[in-house]
Amino acid sequence: MAERNQQPESSKASADASRGRFAYDGLERVIHERARLSILSSLAANTEGLSFSDLKQLCHLTDGNLSRQLQLLQEQGFVDVVKSTRNNRPHTQVLLSESGRERFLEYIAVLEGVVADAMQATQRRKEPITLPAAARRALG
Numbered sequence: 074m075a076e077r078n079q080q081p082e083s084s085k086a087s088a089d090a091s092r093g094r095f096a097y098d099g100l101e102r103v104i105h106e107r108a109r110l111s112i113l114s115s116l117a118a119n120t121e122g123l124s125f126s127d128l129k130q131l132c133h134l135t136d137g138n139l140s141r142q143l144q145l146l147q148e149q150g151f152v153d154v155v156k157s158t159r160n161n162r163p164h165t166q167v168l169l170s171e172s173g174r175e176r177f178l179e180y181i182a183v184l185e186g187v188v189a190d191a192m193q194a195t196q197r198r199k200e201p202i203t204l205p206a207a208a209r210r211a212l213g
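As numbered in the numbering used here, residues 74 to 213 make up the sequence shown, in order.
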């Protein structure tokens with residue numbers, strides 16, 4: 074026999090929606106784009122920063138795309154771009170700024186919440202989830 078205090082699923086869903094439970098306001102659009110997420114993830118893992126060419130290779134981006142994404146990230150205060158010369162050749166080093174690191178970590182925390190909510194919601198369904206073929210390939 075069900076408890077009287079237990080809300081029906083539809084009532085729980087409307088209560089969650091009314092509080093903005095699944096709004097995920099912390100998902101910054103500037104980070105959420107795939108190329109910028111790749112750049113920030115790479116820089117977060119390399120505290121000394123990365124050269125432009127290493128970052129380009131790690132993120133599998135073209136020169137032009139990487140330049141544009143770095144410009145956007147720099148304008149938003151996520152990265153610092155240091156230009157210099159090494160052996161009489163131009164060298165560009167990209168570093169995650171302190172505020173960029175903080176904002177990225179906040180973003181990751183919100184993203185973890187999204188994943189936890191999705192896992193919890195799908196476990197309630199009691200049926201296995203079949204990932205789309207593209208997602209299965211991406212996960213290896």
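Note that CB positions come from ideal geometry on N, CA and C, so glycine has one too.
Beta-carbon gap between residue i and residue j smaller than 8 angstroms
{"i": "Ser115", "j": "Leu131", "result": "yes"}
{"i": "Ser126", "j": "Gly150", "result": "no"}
{"i": "Ala118", "j": "Phe177", "result": "no"}
{"i": "Tyr180", "j": "Leu128", "result": "no"}
{"i": "Leu123", "j": "Val167", "result": "yes"}
Delimiting residues of the beta strand (DSSP E) encompassing residue i
{"i": "Gln166", "result": "Arg162 to Leu169"}
Closest Cα partner of residue i within the set the options
{"i": "Glu106", "options": "Ser157, Leu143 and Thr203", "result": "Leu143"}
{"i": "Leu139", "options": "Met192, Leu113, Ala182 and Pro205", "result": "Leu113"}
{"i": "Glu121", "options": "Arg141, Thr203 and Val152", "result": "Val152"}
{"i": "Thr165", "options": "Asp136, Val187 and Arg174", "result": "Asp136"}
{"i": "Ala108", "options": "Leu145, Tyr97 and Asp98", "result": "Leu145"}
{"i": "Asp69", "options": "Gly186, Met192 and Gln196", "result": "This structure leaves residue 69 out entirely; the chain is present only between 74 and 213."}
{"i": "Ser172", "options": "Leu184, Glu148 and Ser157", "result": "Glu148"}
Quick one: which unbroken beta strand (DSSP E) runs of 3-plus residues sit fully inside the region 175-204? Chain order, please. none
Complete runs of the alpha helix (DSSP H) confined to the region 95-146 [at least 4 residues]: Listed in chain order, they are 102-105, 107-117 and 125-132.
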